[in-house]
Amino acid sequence: MRVDIAVVGAGLAGLMAALPLEAAGYSVLLLEKSRGLGGRLASYRLNGSRCDRGVRYLTEEGRLLSGFVRSLCQRGVLEPWIEQGHIDTPEGIGLDSPRTHYVAPQGMSQIAKELGQGLTVWYSRRVQTLTAESEGWRLALEAVKEGSESPLEVRAKAVILAIPAPQALPIVETLPEIPPETIAPLAAVTYDPCLTLLAQYPQNGVPAEIPWRSLECPNDPDVSWLGLDSSKGTPSQPRSDRPLVVINSSPEFGRSHIDDEDVTPVIEHLLNQGAAHVGDWLKTPETTHLHRWRYAFPRHTWSQDSLVLPTPHPLICCGDWCGSHQVETALRSGLAAASAINAQLQQHPLPPLSQLMNSQS
Ligand SMILES: Cc1cc2nc3c(=O)[nH]c(=O)nc-3n(C[C@H](O)[C@H](O)[C@H](O)COP(=O)(O)OP(=O)(O)OC[C@H]3O[C@@H](n4cnc5c(N)ncnc54)[C@H](O)[C@@H]3O)c2cc1C
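Those letters in the sequence shown? Residues 1 to 361, per UniProt numbering, in order.
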C-alpha cells in the first residue's frame, strides 16, 4: 500500500494531524499499535461497566480546548459532569476552584471514535522502522495481535510520528541520514508514569451519600487523584450499575512500582492509601483492574509545537510532549504537524479546527 501521509499513533495528536490533511485531499493512513482509537483517551469495560482509565475529564481551559469542548458538547459527545471538584488538604476535604468538568458519558474514548469517523486506520500494528527510499518512506510494521499479520509494510511520501517522544526515539535514531544533535530534543523529553486502579463495589458496599466526584490529593505521596467514575453516566447513558472508583497513583509511586510483577500489594496499598482520604469502605472492592501507564504525563517537554526532522523525505514528530498542557498541547501539536507536513508537500489550504469539528457533525 502506498499513501501520501502515514500518521503513526491514533491518539489525540495523531487524529488532529490526520483530520485536516485528509480534508485537504491527501491520502492518509493512521497506524495504531493498540486495538482502538484514542491512546490515553482510554475507556475500559470492567464487569460490563464502562469506565475511564486515561483522561479523567476536560475543562474549557486553553484556546483550542475550549472550542473543542464546546463543539463536542453540541454534538452530544460531552456533558458537564461537575461544576467544581474537591481537594484534600491538611485542613480536610474542601471544594477546589470552580471550573466545569466535562466527560463523555459513554466513556472518554468516544471522543476519539467521533473524530476518527471516515479516517483509514490499521489497528494492532506497531511501526518498528522507517527506511528512506527514492520516492518516500517504507514503514515496517509488527503485528501486535494475531489476525493482524498483513500487510506489514506501507509506503508513504511523508510520515508524522504522533507518539510519546521516548517511543519515537528508537524509530528515528537508527536513520542513517539523521545528525544526532537534531534528535537531541526527543532524547531530552521525559514522562511521569501513573498506575491507574479501577475498583468496583457492591451497591451496599458504599455510603449512601458520597460527597465528592473528583478528589485531588496533592499532599499524598502515593495517590494523586480519586474519581467516582460511576457518576459520569447519565440516565440515558448509564456507566455502571455498581459504584466504581478510579484511583491514580502519584508519579513517584508509579515510578517505584511500574514494573512490579506481583500487583496484589500495589493494589492493596492504593486502596488503603485512598481509604485514608474517603473512608474504609474503599478498601473492600469486589473487582479491581490495574493499568500501568509508562508514559502518562510529560515532565520535561519540548518548547515548540512539533519537531521537524531534516530527513530526505518529510518526517515530523508531535504529541503532548511538545508543551505542558496535556490535551490542549496534543491538539495544538497535531495541528502544527499537519501544517508543517503540508508546507513540505503540496501546500493545500488546511481547514482550521473549528471548521473540521463542524464538518464532522
Ligand atoms: C491516567 C491519566 C489521566 C489523564 N488525565 C488527564 C486530564 O484529566 N486532563 C488532561 O488534559 N490530560 C490528561 N491526561 C493526559 C492526556 O491523556 C494526554 O496528554 C493526551 O491524551 C496525549 O495524547 P497524544 O496523542 O499526544 O498521545 P497518546 O494518547 O499516548 O497517543 C499515542 C498513540 O500512539 C500509539 N503508539 C505508540 N507507539 C506506536 C508505534 N510504534 N506504532 C503505532 N502506534 C504507536 C499508542 O498506542 C497511542 O494510541 C491523562 C493521562 C493519563 C495516563
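Even glycine gets a Cβ: it sits at the ideal position worked out from N, Cα and C.
On a predicted model such as this, the values are computed, not experimentally measured, just so you know.
8 Å contact criterion, which residue i and residue j should meet: CB distance rounded
i           : j       : result
Lys-113     : Arg-35  : That pair is no contact at about 13 Å.
residue 378 : Ala-188 : With the chain represented from 1 up to 361, any question about residue 378 goes unanswered, as that position is not in the structure.
Gly-319     : Ser-303 : Contact doesn't hold; Cβ gap of about 14 Å is too wide.
Val-69      : Tyr-102 : 5 Å
Ile-178     : Ile-341 : 17 Å between Cβ atoms; not a contact.
Pro-207     : Gly-279 : 7 Å
Leu-175     : Leu-139 : Not confirmed; about 12 Å, so no contact.
Leu-115     : Leu-19  : 7 Å
Neighbourhood of residue i by C-beta distance below 6 Å, restricted to the same chain and skipping five residues each side
i       : result
Gly-9   : Ala-162 and Ile-163
Arg-2   : Arg-155
Ile-316 : Ile-160, Ser-306, Val-308, Ala-337, Ala-340 and Ile-341
Arg-213 : Ile-82, Leu-228 and Ser-231
Gln-106 : Gln-237
Thr-100 : Pro-80 and Glu-83
Euclidean distance between Cα positions of residue i and residue j
i           : j       : result
Phe-297     : Thr-190 : 9 Å
Leu-356     : Lys-232 : 27 Å
Gly-227     : His-289 : 15 Å
His-348     : Asp-222 : 49 Å
Val-127     : Lys-33  : 8 Å
Gly-14      : Val-7   : 6 Å
Ala-23      : Pro-352 : 10 Å
Ile-82      : Leu-270 : 25 Å
Ala-184     : Asn-219 : 34 Å
Glu-133     : Leu-21  : 23 Å
Leu-195     : Glu-252 : 10 Å
Glu-135     : Arg-40  : 34 Å
Gln-203     : Arg-242 : 5 Å
Gln-344     : Gly-62  : 28 Å
Arg-45      : Pro-180 : 43 Å
Leu-350     : Arg-239 : 37 Å
Pro-90      : Arg-125 : 47 Å
Leu-331     : Asn-47  : 32 Å
Thr-234     : Thr-120 : 31 Å
Glu-209     : Glu-261 : 36 Å
Cys-217     : Gln-346 : 49 Å
residue 404 : Gly-254 : The displayed coordinates of the chain run from 1 to 361. Any statement about residue 404 would go beyond what the structure contains.
Sequence-distant residues of its chain with Cβ nearer than 8 Å to residue i (five each side left out)
i       : result
Ser-97  : Gln-84
Thr-182 : Leu-309 and Pro-310
Leu-78  : Leu-58, Val-69, Leu-72, Tyr-102, Val-103, Ala-104 and Ile-111
Thr-264 : none
Trp-137 : Ala-6, Leu-130, Thr-131, Arg-155, Ala-156, Lys-157, Ala-158, Val-159, His-313 and Leu-315
Trp-281 : Tyr-201, Gly-205, Val-206, Pro-207 and Ala-275
Pair within 9 Å by beta-carbon distance, residue i and residue j
i       : j       : result
Leu-197 : Ser-249 : yes
Ala-165 : Leu-152 : no
Leu-244 : Cys-51  : yes
Ala-158 : Ile-5   : yes
Gln-110 : Ser-49  : no
Ser-354 : Gly-67  : yes
Trp-122 : Leu-31  : yes
Ala-199 : Ile-247 : yes
Pro-170 : Arg-294 : no
Glu-268 : Gly-205 : no
Gly-76  : His-86  : no
Arg-53  : His-277 : no
Leu-335 : Met-16  : yes
Residue i: CB within 8 Å of a non-hydrogen atom of ligand 2
i      : result
Asn-47 : Ligand 2 is not among the ligands present in this structure, which contains only ligand 1.
Close-in-space but distant-in-sequence residues of the same chain around residue i (CB under 7 Å, 5 per side omitted)
i       : result
Val-327 : Leu-12, Val-55, Leu-58 and Leu-65
Lys-283 : Leu-271, Asn-272 and Ala-275
Thr-329 : Asp-320, Cys-322 and Gly-323
Glu-173 : Ile-183
Any non-hydrogen atom of ligand 1 within 8 Å of residue i CB
i       : result
Lys-33  : yes
Ala-184 : no
Gln-84  : no
Trp-212 : no
Thr-284 : no
Trp-321 : yes
Arg-138 : no
Thr-131 : no
Cys-194 : yes
Leu-307 : no
Thr-288 : no
Glu-114 : no
Asn-248 : yes
Ala-296 : yes
Thr-174 : no
Ser-333 : yes
Ile-316 : no
Gly-9   : yes
Test: residue i CB closer than 9 Å to a CB of chain D
i      : result
Arg-75 : Going by chain labels, chain D is absent from the structure shown, which holds only one protein chain.
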